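Asks: Residue numbers (our numbering), protein chains in the order written: chain W, 14 to 191; chain S, 235 to 365. Here's a structure for you.
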Amino acid sequence: KEWAIALHGGAGYVSKDMPEDRKQAYMESLEEALAIGSDILANGGSALDAIERTVNYLEDNELFNAGKGAVFTSEGKNELDAAIMDGSTLNAGAITGVTTVKNPISLARKVMTESKHVFFATDGAETFADQVDVERVDPSYFYTERRYQSLQRAQEQEKEESSNLLPETNEEKAWKYG
Amino acid sequence: TVGAVARDKDGNLAAATSTGGMTNKRYGRVGDVPIIGSGTYANDLVAVSATGWGEKIMLNVSAHTLAAYMEYKETSLQQSMDYLVDEVLEPGDAGFIAVDKYGNFSMKTNTGSMFRAATDSEGNKEIGIWE
Numbered sequence: 014k015e016w017a018i019a020l021h022g023g024a025g026y027v028s029k030d031m032p033e034d035r036k037q038a039y040m041e042s043l044e045e046a047l048a049i050g051s052d053i054l055a056n057g058g059s060a061l062d063a064i065e066r067t068v069n070y071l072e073d074n075e076l077f078n079a080g081k082g083a084v085f086t087s088e089g090k091n092e093l094d095a096a097i098m099d100g101s102t103l104n105a106g107a108i109t110g111v112t113t114v115k116n117p118i119s120l121a122r123k124v125m126t127e128s129k130h131v132f133f134a135t136d137g138a139e140t141f142a143d144q145v146d147v148e149r150v151d152p153s154y155f156y157t158e159r160r161y162q163s164l165q166r167a168q169e170q171e172k173e174e175s176s177n178l179l180p181e182t183n184e185e186k187a188w189k190y191g
Numbered sequence: 235t236v237g238a239v240a241r242d243k244d245g246n247l248a249a250a251t252s253t254g255g256m257t258n259k260r261y262g263r264v265g266d267v268p269i270i271g272s273g274t275y276a277n278d279l280v281a282v283s284a285t286g287w288g289e290k291i292m293l294n295v296s297a298h299t300l301a302a303y304m305e306y307k308e309t310s311l312q313q314s315m316d317y318l319v320d321e322v323l324e325p326g327d328a329g330f331i332a333v334d335k336y337g338n339f340s341m342k343t344n345t346g347s348m349f350r351a352a353t354d355s356e357g358n359k360e361i362g363i364w365e
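What follows is the structure, given as structure tokens:
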């Protein structure tokens with residue numbers, strides 16, 4: 014085959030009786046993301062461009078836990094991570110804990126192409142973002158009521174659950190998935 | 235967490251993963267996504283992106299494990315994916331997507347569901363949510 018692309022929007026424990034309109038929204042989003050990446054490849058674009066644009070779309074879609082629609086930390090913040098790796102050069106770029114970068118995967122790609130390092134964290138990643146051309150937003154951009162409610166439920170559950178650290182039921186496990 | 239892996243017309247492979255992390259995660263906790271070789275990995279044989287329980291994905295150096303198994307055991311992409319998801323990780327841990335240098339793709343999870351989609355230049359196409 015000349016080209017191929019695969020994408021995911023997260024693995025976890027999603028109930029099969031998800032409302033039909035919500036399931037439809039997810040399926041349409043996956044279709045749209047796939048069309049973005051496959052169009053780039055079919056027109057001779059690079060694998061790096063195809064995966065960056067595909068992930069940008071998923072980051073901008075608040076259905077998914079990345080970029081807009083990210084989950085909340087125990088402090089009620091959205092802290093974002095991303096990584097990209099080029100198989101032909103074994104070069105890579107990664108960031109963790111950014112709060113003002115609209116598309117974290119684009120910053121990770123800049124780490125790979127515009128720095129001599131591989132991995133930047135929190136304030137250092139934010140400082141690097143100041144020095145390269147990536148879109149910045151106020152942290153409130155990432156807020157979604159749905160995810161904030163999830164945080165509330167998770168913290169309620171944390172108060173109730175037994176001392177053992179390992180989640181037991183599927184519902185308990187659901188909180189651990191990225 | 236979201237991710238994409240691709241092989242382009244020049245045969246280059248690349249992998250990308252991006253995440254908001256884990257609900258209610260503690261201050262300073264870092265998950266698998268930005269750890270090269272755990273949540274994200276690509277070489278000239280295969281590109282891999284992971285999603286699921288970050289701690290388990292990290293402890294098993296998962297994305298690199300799939301690539302190494304494929305390289306050293308000279309197995310197919312699907313055999314390597316099956317090994318990682320069914321033998322290395324435990325049920326409920328994680329899901330992965332991968333594309334190899336031949337343009338084959340594989341998407342598999344042991345968590346019950348993974349939002350996923352894939353297509354190639356021959357018109358093969360797969361979109362799904364549940365296992």
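Think of the CB as a built atom: it goes at the ideal place given N, C-alpha and C, for glycine as much as any other residue. Keep in mind it's a predicted model, so treat the numbers as computed, not measured.
Measuring only the C-alpha atoms, how far is G50 (chain W) from E173 (chain W)?
Replies: If you number the first sequence from 1, residue 50 (chain W) lands on position 37. If you number the first sequence from 1, residue 173 (chain W) lands on position 160. Straight-line Cα distance between these residues: approximately 44 Å.
Asks: Can you give me the C-alpha to C-alpha distance between E33 (chain W) and M40 (chain W), rounded to a whole angstrom?
Replies: Counted from its first residue, the first sequence places residue 33 (chain W) at position 20. Counted from its first residue, the first sequence places residue 40 (chain W) at position 27. Their backbone Cα atoms lie some 10 Å apart in a straight line.
Asks: With burial defined as no fewer than 16 other Cβ atoms inside 10 Å of the residue's Cβ, what is the status of T257 (chain S): buried or exposed?
Replies: Residue mapping note: residue 257 (chain S) aligns to position 23 of the second sequence, counting from 1. Classification for T257 (chain S): buried.
Asks: What's the gap between the Cα of G329 (chain S) and the Cα of T309 (chain S)?
Replies: Looking up residue 329 (chain S) in the second sequence gives position 95. Looking up residue 309 (chain S) in the second sequence gives position 75. G329 (chain S) and T309 (chain S): Cα-Cα distance of roughly 19 Å.
Asks: Does H298 (chain S) come out as helix, strand or coil in the three-state DSSP assignment?
Replies: Here residue 298 (chain S) refers to the residue found at position 64 when the second sequence is read from its first residue. Here H298 (chain S) sits in helix by DSSP.
Asks: For Q37 (chain W), decide whether its Cβ has a neighbour in chain S, counting only Cβ atoms nearer than 9 Å.
Replies: Taking the first residue of the first sequence as 1, we reach residue 37 (chain W) at position 24. Judged by the 9 Å Cβ criterion, Q37 (chain W) is not in contact with chain S.
Asks: Kindly identify the DSSP beta-bridge partner or partners of L20 (chain W).
Replies: As a working note, residue 20 (chain W) is residue 7 in the first sequence. Answer is S:A238 and S:A351, bridged to L20 (chain W).
Asks: Nearest chain W C-beta to T257 (chain S) closer than 9 Å, yes or no?
Replies: To locate residue 257 (chain S), count along the second sequence from 1; it is residue 23. Yes, because at least one Cβ of chain W sits closer than 9 Å to the Cβ of T257 (chain S).
Asks: Can you tell me whether P152 (chain W) is buried or exposed, with buried defined as 16 or more other CB within 10 angstroms of its CB?
Replies: As a working note, residue 152 (chain W) is residue 139 in the first sequence. By the neighbour-count rule (16 or more Cβ atoms within 10 Å), P152 (chain W) is not buried but exposed.
Asks: Is it buried or exposed for S283 (chain S), if we count other Cβ within 10 angstroms and need 16 for buried?
Replies: Within the second sequence, the letter at position 49 stands for residue 283 (chain S). Buried.
Asks: Starting from I36 (chain W), follow the alpha helix (DSSP H) in both directions and report where the run begins and ends.
Replies: In the first sequence, residue 36 (chain W) corresponds to position 23, counting from 1. The sequence shown places Lys at residue 36 (chain W), not Ile. It spans E33 to A55 - the alpha helix (DSSP H) in which K36 (chain W) sits, taken as one unbroken run.
Asks: With 9 Å set as the bound, which would you pick, yes or no: does the beta-carbon of F141 (chain W) sit closer than that to a beta-carbon of chain S?
Replies: To locate residue 141 (chain W), count along the first sequence from 1; it is residue 128. F141 (chain W) does not count as touching chain S.
Asks: Which residue comes first and which comes last in the beta strand (DSSP E) that contains K366 (chain S)?
Replies: Residue coverage of chain S in this structure runs from 235 to 365, which leaves residue 366 (chain S) outside it and unanswerable.
Asks: I need the straight-line Cα distance from D244 (chain S) to F339 (chain S), nearest angstrom please.
Replies: Start at 1 with the first residue of the second sequence, and residue 244 (chain S) comes out as number 10. Start at 1 with the first residue of the second sequence, and residue 339 (chain S) comes out as number 105. Whole-angstrom Cα-Cα distance: 17 Å.
Asks: Counting only beta-carbon separations shorter than 9 Å, does H130 (chain W) have a partner in chain S?
Replies: Here the question's residue 130 (chain W) lines up with position 117 in the first sequence. Chain S contact via Cβ: absent.
Asks: Compute the Euclidean distance between the alpha carbons of N246 (chain S) and N277 (chain S), then round it to the nearest angstrom.
Replies: Along the second sequence, one-based indexing puts residue 246 (chain S) at 12. Along the second sequence, one-based indexing puts residue 277 (chain S) at 43. Cα to Cα, N246 (chain S) sits roughly 9 Å from N277 (chain S).
Asks: Checking contacts by CB at 9 Å: is Q144 (chain W) closer than that to chain S?
Replies: As a first step, residue 144 (chain W) is located in the first sequence; it is residue number 131 there, counting from the start. Chain S contact via Cβ: absent.
Asks: Considering Cα atoms alone, identify which of W:E158, W:G110 and W:A63 is closest to F246 (chain W).
Replies: Outside the shown range of chain W (14 to 191) lies residue 246 (chain W), about which nothing can therefore be said.
Asks: So, Y303 (chain S) versus L318 (chain S), is the Cβ gap smaller than 9 Å?
Replies: The residue labelled residue 303 (chain S) in the question sits at position 69 within the second sequence. The residue labelled residue 318 (chain S) in the question sits at position 84 within the second sequence. Taking 9 Å as the Cβ cut-off, Y303 (chain S) and L318 (chain S) qualify as a contacting pair.
Asks: Could you round the C-beta distance between T274 (chain S) and A250 (chain S) to whole angstroms and report it? I think they count as a contact, below 8 Å.
Replies: Residue mapping note: residue 274 (chain S) aligns to position 40 of the second sequence, counting from 1. Residue mapping note: residue 250 (chain S) aligns to position 16 of the second sequence, counting from 1. That pair is a contact at about 7 Å.
Asks: Look up Y154 (chain W) in the DSSP assignment and say whether it is helix, strand or coil.
Replies: As a first step, residue 154 (chain W) is located in the first sequence; it is residue number 141 there, counting from the start. Of the three classes helix, strand and coil, the one that applies to Y154 (chain W) here is helix, per DSSP.
Asks: Can you list the beta strand (DSSP E) stretches of 3 or more residues lying completely in the segment 48-136 of chain W, in chain order?
Replies: DSSP runs (the beta strand (DSSP E)) wholly in the segment 48-136 of chain W: 93-99, 104-111 and 132-134.
Asks: Compare the Cα-Cα distances from A297 (chain S) to each of S:T345, S:G254 and S:V239 and report the closest residue.
Replies: The count along the second sequence starts at 1 and reaches residue 297 (chain S) at position 63. Out of S:T345, S:G254 and S:V239, S:V239 has the C-alpha closest to the C-alpha of A297 (chain S).
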